[in-house]
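Please read the structure below before turning to the comments.
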Amino acid sequence: MTPVARVRAALAAAFAIEHRMRTIILIALGAPLAMVYMIALPAERYGAFSLQALALLTPAEAVAALVLGFGTMLAFALQAAAGGIGRRGEPLTLGGLLVALAPAGLCCTGVIPAILAALGASTPVLLRESGRYASFFAQYADLFVAGGVALVVLSVWLASARMTSACTTCPAPGVRPLRGGITNADDETLH
Amino acid sequence: MIALPHGRRIALAAMIAALLAVATAVPAIRMHAPRAVAAASPAIAIGRPAPPFAYRLLSGGVLHASALRGRPYLLWAVATWCPSCVTGSALLARHIAEIERAHAAVVELELYDDLGGSGPPLESVRRGVGAAAFARDWYWGILTEDQTAVLDPTGTMDIYYVVDARGRIVAQGMAPAAHWESIAPLLGIRHR
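Have a look at this one:
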């Protein structure tokens, strides 16, 4: 089974008509999370976590925010459908969310100076070093966001793979699932 | 409905709580930073006089803080690699006409050695902002190490102070362009 076919099969099984609540949860939680990222990603340039940061949102950031928001909830839904939350996959999903937030959280805030100060750095050291570390996140901000998106996409793929390997009644793409885990393909073979 | 065992429901709730905590931590830390600066450098707290520095300007001259007495001004310490500083400059440019009408001023100063980060020269940031950045009342300069240590002892970038016409600090914070609505009245700008 190709990776795309595997994801399609997992989605078909996880979001079959009898599991419509999963779709509702996916949208109800994915949309606000995507909105949080639509504000957080340009907040690095705007300087504040505010709705006004949306004015600086680029198309690439909008796509990344949608993937991070809905992809995360999709991964959680697939992980739940595949046997439950709390196993492998979640650290990857959460890691992706945090990696994408790193530039906004660490670049131009007081976090890095606060960490250096907590480590005992004096004012002259802070003035020489805080920019060295903070500018790293500014310089590679796009890579951090891309890395976060990649981790979330990977977690969706892993959850799909886990679900399809664990599921013996998953329908193939294009095969309509029926109640009781029987597909219309099974139905035809029975006759 | 997703049926999860009790322990896993708790795990999921904990993960969502962790995410919300991260999402709220960033603005909270931003709000905390100016207070940390005030704690590290009590001489530059709100209500105190602005330090009587002479700032080295990009134009080659020197701006004495005393020369600004009688006018409110925004004293802003930036790093040129800092995205919110660069974007903030472009956003502030939209308000320079009203700043001039109010006889206020902006003093934008690069932190000493860009706090150790590697950014472009401040002059290229200024040129990137456009013609508004060359307005008469927008001063661009570079802080010495001693001045940086007083204005920004915690090594945080994008720090600002609002100084009133009597030379006293009346507000401080981070990212002035994002807080323009609260800064404008302090500079004597009335909203239409």
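In the order they appear, the protein sequences are chains A and B. Anchor point for the first sequence: position 115 equals 115 in this note's numbering, and the numbering is continuous, going up by one each time. Anchor point for the second sequence: position 25 equals 1025 in this note's numbering, and the numbering is continuous, going up by one each time. Beta carbons are placed, not taken as given, at the ideal position from N, Cα and C, and that holds for glycine.
From the options, residue whose alpha carbon lies closest to that of residue i
i, options, result
"B:Ile-1142", "B:Ser-1059, B:Ser-1066, B:Pro-1051", "B:Ser-1059"
"B:Ala-1135", "B:Val-1125, B:Tyr-1112, B:Glu-1100", "B:Glu-1100"
"A:Thr-93", "A:Leu-119, A:Leu-74, A:Ala-48, A:Ala-102", "A:Leu-74"
"A:Met-35", "A:Gln-52, A:Leu-158, A:Ala-81", "A:Gln-52"
"A:Pro-103", "A:Ile-27, A:Val-7, A:Ala-40", "A:Ala-40"
"B:Asp-1114", "B:Pro-1049, B:Arg-1048, B:Ala-1067, B:Ala-1149", "B:Ala-1149"
"B:Arg-1127", "B:Val-1086, B:Pro-1153, B:Gln-1147", "B:Val-1086"
"A:Ala-65", "A:Arg-6, A:Ala-81, A:Pro-42", "A:Pro-42"
"B:Arg-1094", "B:Gly-1061, B:Leu-1075, B:Gly-1130", "B:Gly-1130"
"B:Arg-1048", "B:Leu-1091, B:Leu-1151, B:Glu-1181", "B:Leu-1151"
"A:Gly-120", "B:Gly-1088, B:Tyr-1112, B:Asp-1146, B:Thr-1154", "B:Thr-1154"
"A:Leu-156", "A:Ala-100, A:Phe-137, A:Glu-90", "Strictly speaking, residue 156 of chain A in this sequence is Val, with Leu absent from that position. It is A:Glu-90 whose Cα lies nearest to the Cα of A:Val-156."
"B:Leu-1186", "B:Ala-1065, B:Pro-1052, B:Asp-1146, B:Ala-1102", "B:Ala-1102"
"A:Pro-113", "B:Asp-1137, B:Met-1157, B:Ala-1090", "B:Met-1157"
"B:Ala-1077", "B:Pro-1176, B:Asp-1164, B:Ala-1065", "B:Pro-1176"
"A:Gly-69", "A:Glu-44, A:Gly-95, A:Tyr-37", "A:Tyr-37"
"B:Ala-1133", "B:Gln-1147, B:Ala-1097, B:Glu-1181", "B:Ala-1097"
"A:Gly-105", "A:Ala-10, A:Thr-164, A:Leu-11, A:Ala-48", "A:Ala-48"
"B:Ile-1159", "B:Val-1125, B:Ser-1089, B:Arg-1071, B:Gly-1188", "B:Ser-1089"
"A:Pro-124", "B:Arg-1190, B:Tyr-1112, B:Ala-1054, B:Val-1125", "B:Tyr-1112"
"B:Thr-1144", "B:Asp-1164, B:Ala-1043, B:Leu-1074, B:Ala-1054", "B:Ala-1054"
"A:Ile-27", "A:Ala-77, A:Ala-100, A:Arg-128, A:Leu-98", "A:Ala-77"
"A:Ala-100", "A:Ile-115, A:Glu-44, A:Pro-3", "A:Glu-44"
Secondary structure of residue i, DSSP reduced to three states
i, result
"A:Leu-57", "coil"
"A:Ile-182", "The predicted model places A:Ile-182 with a pLDDT of 44, which falls under 50 and marks its position as unreliable; any figure quoted below should be read in that light. Coil."
"B:Ile-1002", "Only weak support exists for where B:Ile-1002 lies, its pLDDT of 49 falling under 50; the value from the coordinates is given anyway. In the structure shown, B:Ile-1002 sits in coil (DSSP, three-state: anything other than H, G, I, E or B)."
"A:Met-157", "Looking at the sequence provided, one finds Trp at residue 157 of chain A rather than Met. It is helical."
"B:Met-1174", "strand"
"B:Leu-1074", "strand"
"A:Ala-233", "Residue numbering for chain A in the displayed model covers 1 to 191; residue 233 of chain A lies beyond these limits and cannot be assessed."
"B:Tyr-1139", "strand"
"B:Leu-1111", "coil"
"B:Leu-1166", "For the sequence presented, residue 1166 of chain B should be read as Arg rather than Leu. DSSP places B:Arg-1166 in coil when its eight states are reduced to three."
"B:Pro-1121", "coil"
"A:Ala-114", "helix"
"B:Ile-1046", "coil"
"B:Leu-1187", "helix"
"A:Tyr-37", "helix"
"A:Ala-16", "coil"
"B:Leu-1058", "coil"
"A:Leu-119", "coil"
"B:His-1103", "coil"
"B:His-1064", "strand"
"B:Tyr-1160", "strand"
"B:Cys-1085", "helix"
"A:Phe-76", "helix"
"A:Phe-70", "helix"
"A:Thr-189", "Caution is warranted here: a pLDDT of 44 is assigned to A:Thr-189, below 50, making its placement in the model unreliable, and the coordinate value is therefore given only provisionally. Here A:Thr-189 sits in helix by DSSP."
"B:Arg-1094", "coil"
Beta carbon proximity, residue i to chain B, threshold 8 Å
i, result
"A:Thr-23", "no"
"A:Tyr-140", "no"
"A:Leu-193", "Any question about residue 193 of chain A goes unanswered here, given that chain A covers just 1 to 191."
"A:Gly-30", "no"
"A:Arg-162", "no"
"A:Thr-123", "yes"
"A:Ser-155", "no"
"A:Leu-57", "no"
"A:Ala-117", "yes"
"A:Gly-95", "no"
"A:Glu-44", "yes"
"A:Gly-148", "no"
"A:Pro-113", "yes"
"A:Glu-18", "no"
"A:Gly-204", "Outside the displayed span of chain A (1 to 191) sits residue 204 of chain A, for which this structure offers no information."
CB contact check: residue i to chain A, cutoff 8 Å
i, result
"B:Glu-1145", "yes"
"B:Tyr-1112", "yes"
"B:Asp-1158", "yes"
"B:Leu-1187", "no"
"B:Leu-1109", "no"
"B:Tyr-1084", "Here the sequence assigns Ser to residue 1084 of chain B, which means Tyr is not the residue at that position. Taking Cβ atoms only, chain A reaches closer than 8 Å to B:Ser-1084, which makes this a yes."
"B:Gly-1141", "no"
"B:Ala-1175", "yes"
Supposed close pair residue i, residue j - CB separation, criterion 8 Å
i, j, result
"A:Ala-81", "A:Ala-13", "7 Å"
"A:Ala-117", "A:Leu-126", "6 Å"
"B:Tyr-1139", "B:Leu-1063", "5 Å"
"B:Ala-1065", "B:Pro-1052", "5 Å"
"B:Leu-1074", "B:Ile-1183", "7 Å"
"A:Thr-164", "A:Ala-10", "5 Å"
Contact test: residue i Cβ vs the ligand FAD heavy atom, cutoff 7 Å
i, result
"B:Tyr-1055", "Only the bare structure without any ligand can be found here, which leaves the ligand FAD out of the picture."
Cβ contact check for the region 54 to 61 of chain A and the region 108 to 116 of chain A: 3 or more pairs under 8 Å: no
Three-pair Cβ contact test at 8 Å for the region 1073 to 1091 of chain B versus the region 1114 to 1124 of chain B: yes
Stretch pair the region 149 to 163 of chain A + the region 1099 to 1114 of chain B: three plus CB contacts closer than 8 Å: Taking 8 Å as the limit for Cβ pairs, the verdict is that the region 1099 to 1114 of chain B does not touch the region 149 to 163 of chain A.
contact_flag[the region 1163 to 1180 of chain B, the region 140 to 157 of chain A] where n(CB pairs < 8 Å) is 3 or more: no
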